[in-house]
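Numbering (full-length UniProt numbering), first residue to last: 1 to 183.
A short worksheet on the structure shown next.
Now the structure itself:
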């Protein structure tokens, strides 16, 4: 096997791990990876503002607003006017939201982060450089992405607020119809 095949196999393993995690998360907690991350952030902070969550996730205010609206409608979060500043909204997680966080499988991203952060600085820099190079090779360097490992377009996922029923379906920004992911 040549290095090209080895690199494609490694890429496929990464994509497949992300896909399988999304499937497990949808099955076990009924959430997308991005919805889970919002709940985790709010649970960690106890009380916060939508702008805090958007900033930490690297997404727009519009995206976070749609996510919050959906999570509130599910009864997983509460949104209240701030007592300190009436112009602000405070977010808190409900007991049902905490239960979802607790039953969710170990986040793929958390596994990655915990191992990545133990690496020496030079190795972290090398991995970031290689991943940025790979993203560029795939013409993905300019795609807006948050630091959440999830399949599909985060913005499109949150227009409905739901995960794809079949994680083999990948929504693309250029097409409104789902296409089958390579298996």
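Every residue gets a Cβ at the ideal spot worked out from N, C-alpha and C, and that includes glycine.
None of the values given here were measured: they were computed from a predicted structure.
Contact check, residue i vs residue j, beta carbons under 8 Å
i	j	result
residue 31	residue 104	yes
residue 97	residue 77	yes
residue 80	residue 72	no
residue 101	residue 43	yes
residue 36	residue 25	yes
residue 138	residue 93	no
residue 110	residue 116	no
Whole-angstrom distance between residue j and residue i, CA atom to CA atom
i	j	result
residue 65	residue 2	47 Å
residue 122	residue 132	15 Å
residue 10	residue 134	11 Å
residue 136	residue 112	21 Å
residue 58	residue 49	14 Å
residue 14	residue 126	18 Å
residue 176	residue 5	Its pLDDT being 33, under 50, residue 176 is placed unreliably by the model, and nothing is read from it.
residue 16	residue 140	18 Å
residue 107	residue 62	25 Å
residue 83	residue 128	42 Å
residue 120	residue 114	13 Å
residue 86	residue 69	19 Å
residue 90	residue 18	31 Å
residue 159	residue 74	Only weak support is given to the placement of residue 159: the predicted model assigns it a pLDDT of 45, under 50, and the question is left unresolved by the model.
residue 23	residue 118	28 Å
residue 60	residue 88	17 Å
Assumed close pair residue i, residue j - CB separation to whole angstroms, cut-off 8 Å
i	j	result
residue 34	residue 67	7 Å
Bounding residues of the alpha helix (DSSP H) (the contiguous stretch that carries residue i)
i	result
residue 57	50-57
residue 28	3-29
residue 63	61-73
residue 119	Per DSSP, residue 119 belongs to no alpha helix (DSSP H) and is neither H nor E.
The ligand ATP heavy atom lying under 7 Å from the CB of residue i
i	result
residue 55	The ligand ATP is absent from the structure shown, which contains no ligand whatsoever.
Range of the contiguous beta strand (DSSP E) that encloses residue i
i	result
residue 78	77-81
residue 91	89-93
(message) Taking contact to mean 3 or more Cβ pairs, one atom from each stretch, closer than 8 Å, check whether the stretch 52-69 and the stretch 19-30 are in contact.
(response) Contact fails: fewer than three Cβ-Cβ distances are below 8 Å.
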